[in-house]
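Those protein sequence lines, which keep their order, are chains A and B. Letter by letter, the first sequence follows residues 1 to 182 in the working numbering. Letter by letter, the second sequence follows residues 183 to 373 in the working numbering. Just below is one structure, and these are the notes that go with it.
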Amino acid sequence: MNCPEWEERVAGGDPEAAEHLRDCPSCAALADGLARDARLLQTLPPEAFAVDYAAIRAAARKGAVQRSRRPKVLAVLAVAAAVLLTVKLPLHRQPPAPVAKVAVPPPAVGVARAAPAVSSTVPKVQPRRGNPRADLDRRFADFLRTHYELQHPAPLRAREIATGNPNVTILLLQESKGDANE
Amino acid sequence: MHPHTAHEIPEADLLRRAQSGNREALEQLIMLHEHRIFALALRMTGNVADAQDAVQETLIRLHLGVRKIDAVRGAGPWLGAVAVNACHDIGRRRQRSRLIPIPAAAVEIPDSMPDPERRLSGRESEECLRAGLATLPEKERTALLLREMQGLTTAEVARALGSSEVTVRSQISSARLKLRRFFHRREEVIP
Numbered sequence: 001m002n003c004p005e006w007e008e009r010v011a012g013g014d015p016e017a018a019e020h021l022r023d024c025p026s027c028a029a030l031a032d033g034l035a036r037d038a039r040l041l042q043t044l045p046p047e048a049f050a051v052d053y054a055a056i057r058a059a060a061r062k063g064a065v066q067r068s069r070r071p072k073v074l075a076v077l078a079v080a081a082a083v084l085l086t087v088k089l090p091l092h093r094q095p096p097a098p099v100a101k102v103a104v105p106p107p108a109v110g111v112a113r114a115a116p117a118v119s120s121t122v123p124k125v126q127p128r129r130g131n132p133r134a135d136l137d138r139r140f141a142d143f144l145r146t147h148y149e150l151q152h153p154a155p156l157r158a159r160e161i162a163t164g165n166p167n168v169t170i171l172l173l174q175e176s177k178g179d180a181n182e
Numbered sequence: 183m184h185p186h187t188a189h190e191i192p193e194a195d196l197l198r199r200a201q202s203g204n205r206e207a208l209e210q211l212i213m214l215h216e217h218r219i220f221a222l223a224l225r226m227t228g229n230v231a232d233a234q235d236a237v238q239e240t241l242i243r244l245h246l247g248v249r250k251i252d253a254v255r256g257a258g259p260w261l262g263a264v265a266v267n268a269c270h271d272i273g274r275r276r277q278r279s280r281l282i283p284i285p286a287a288a289v290e291i292p293d294s295m296p297d298p299e300r301r302l303s304g305r306e307s308e309e310c311l312r313a314g315l316a317t318l319p320e321k322e323r324t325a326l327l328l329r330e331m332q333g334l335t336t337a338e339v340a341r342a343l344g345s346s347e348v349t350v351r352s353q354i355s356s357a358r359l360k361l362r363r364f365f366h367r368r369e370e371v372i373p
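If you want it as structure tokens, here you go:
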């Protein structure tokens with residue numbers, strides 16, 4: 001390998017290198033070696049004949065079936081998620097934040113244009129009546145209580161804790177464990 | 183002697199029948215190529231377990247995508263490109279998991295390993311070849327194997343690797359020279 005200017009051309013299979021190979025023993029040896037390497041690469045390794053291909057084929061068949069089903073399952077899940085989001089999203093919507101209106105002092109005498117009248121009070125946020133989320137929470141609490149008591153003889157007490165957000169109620173479930181005062 | 187009888191039916195017929203939904207033809211097509219896919223994967227990954235995983239993944243993709251194969255070129259180039267991608271995926275997963283060292287580095291050879299073809303045969307020459315391949319950069323190794331083992335053209339290798347033909351030609355040339363120098367050094371160790 002003493003002919004670096006031609007080595008790459010020989011390795012790249014450049015047809016113009018054929019003439020050079022006749023005059024350059026080093027590159028001719030390189031070409032022979034490259035041909036041997038190519039034959040070696042085309043020879044399959046002994047391990048290739050000792051593999052349990054039947055098992056691999058069976059696993060591949062199974063894998064292909066599972067993978068072909070996956071898009072259908074994903075599609076069903078996506079539809080289910082979309083339905084859930086459609087149903088749930090309105091329940092999670094917060095009421096619009098109250099807009100604080102700042103009282104503006106009456107215009108000074110002599111000012112040509114009067115300032116627009118504004119309310120000087122901040123409206124209180126009233127819990128919505130017939131809140132569907134609260135109804136759902138209550139129904140869920142009833143279900144939990146019923147279901148839980150079926151499996152556990154100890155009486156269960158549920159306490160609702162109101163929060164600042166009328167749509168959020170914390171349910172505290174407690175087992176009495178024989179002590180009615182707890 | 184080849185253990186399968188699939189060679190008796192021309193590959194083009196098998197592929198055409200497999201593409202029209204004939205499962206038996208698909209199985210025979212697989213049997214025709216599975217040795218070579220495994221060999222390619224073994225030389226890509228450097229270990230048998232990963233190579234088997236790559237073969238399985240390749241066959242799954244063949245089941246799902248047999249209709250995508252260009253019947254004129256045959257299944258070989260398509261399978262080679264898919265197998266290489268499967269090997270890359272396995273390599274990436276392994277690097278992420280950091281549980282096992284990089285496979286290419288796992289191939290160890292004794293210092294006194296002689297020339298692969300003159301002195302060795304079978305398993306030893308394969309180990310020597312794999313050791314040489316492990317010294318190549320991954321892209322060069324991939325391009326060389328797709329070209330030499332799967333018979334892909336430069337354009338097909340470029341398409342499979344998402345590269346240009348000029349780059350692939352250079353990678354293959356460089357890989358051939360590096361592999362030759364690797365064997366040449368071994369020849370010098372044991373003249």
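Just so it is clear, CB atoms sit at the ideal spot from N, CA and C, and this is done for glycine as well. No experiment lies behind these values; they were computed from the predicted model shown.
Beta-carbon proximity check, residue i vs residue j, cutoff 8 angstroms
| i | j | result |
| --- | --- | --- |
| B:Val339 | B:Ala325 | yes |
| B:Ser355 | A:Glu5 | no |
| B:Leu327 | B:Arg249 | no |
| B:Ala268 | B:Leu197 | no |
| A:Ala64 | B:Leu246 | yes |
| B:Ala207 | B:Thr240 | no |
| B:Ala236 | B:Ala194 | no |
Inter-residue CB distance, residue i and residue j (contact presumed, cutoff 8 angstroms)
| i | j | result |
| --- | --- | --- |
| B:Ala342 | B:Leu318 | Going by Cβ atoms, the distance from B:Ala342 to B:Leu318 rounds to 17 angstroms, so no, they are not a contact pair. |
| B:Arg395 | A:Asp37 | Residue coverage of chain B in this structure runs from 183 to 373, which leaves residue 395 of chain B outside it and unanswerable. |
| B:Gly262 | B:Leu222 | 6 angstroms |
DSSP state of residue i mapped onto helix, strand, coil
| i | result |
| --- | --- |
| A:Val118 | At A:Val118 the pLDDT is 48, less than 50, meaning the model places this residue with poor confidence; the figure from the coordinates comes in the next sentence. Of the three classes helix, strand and coil, the one that applies to A:Val118 here is coil, per DSSP. |
| B:Leu334 | coil |
| B:Leu197 | helix |
| A:Thr169 | strand |
| A:His160 | With the sequence shown as reference, residue 160 of chain A is identified as Glu, and His is not the correct amino acid for it. A:Glu160 falls in the strand class under three-state DSSP. |
| B:Ser352 | helix |
| A:Thr43 | coil |
| A:Gly13 | coil |
| A:Leu74 | helix |
| B:Thr324 | helix |
| A:Ala112 | Bear in mind that a pLDDT of 49 at A:Ala112, under 50, signals an unreliable position, so the number given afterwards is only what the model happens to contain. The answer is coil: DSSP assigns A:Ala112 none of H, G, I, E or B. |
| B:Leu359 | helix |
| B:Ile291 | Any reading at B:Ile291 must be qualified, since the residue scores a pLDDT of 41, below 50, and its modelled position is unreliable; the value itself is stated next. Looking at B:Ile291 - three-state DSSP - the assignment turns out to be coil, as it is neither helix nor strand. |
| A:Thr86 | helix |
| A:Cys3 | coil |
| A:Gly63 | helix |
| B:Arg300 | With a pLDDT of only 47 at B:Arg300, under 50, the local geometry of the prediction cannot be trusted, and the value read off the model is given with reservation. DSSP places B:Arg300 in coil when its eight states are reduced to three. |
| B:Gly344 | coil |
| B:Pro319 | coil |
| B:Gly256 | coil |
Under 7 angstroms by beta carbon: chain A residues contacting residue i
| i | result |
| --- | --- |
| B:Ile212 | Arg57 |
| B:Met331 | Leu41, Gln42 |
| B:Glu216 | Tyr53 |
| B:Leu246 | Ala64, Arg67, Ser68 |
Run of the alpha helix (DSSP H) containing residue i, from where it starts to where it stops
| i | result |
| --- | --- |
| B:Thr227 | 205 to 227 |
| B:Ile242 | 230 to 247 |
Neighbour list for residue i in chain A, Cβ cutoff strictly below 8 angstroms
| i | result |
| --- | --- |
| B:Gln353 | Those within 8 angstroms of B:Gln353 in chain A number zero; the least Cβ separation is about 10 angstroms. |
Proximal chain B residues relative to residue i, where beta-carbon distance stays under 7 angstroms
| i | result |
| --- | --- |
| A:Ala28 | Chain B residues near A:Ala28: none, gap ~13 angstroms exceeds 7 angstroms. |
| A:Ala38 | Glu330 |
Residue-level contact to chain C via CB, residue i, 8 angstroms cutoff
| i | result |
| --- | --- |
| A:Arg70 | Absent from the structure is chain C; the protein chains it does hold are A and B. |
Within chain A, partners of residue i - CB distance below 9 angstroms
| i | result |
| --- | --- |
| B:Ser346 | The premise fails here: B:Ser346 is roughly 15 angstroms from chain A at the closest Cβ pair, so nothing lies under 9 angstroms. |
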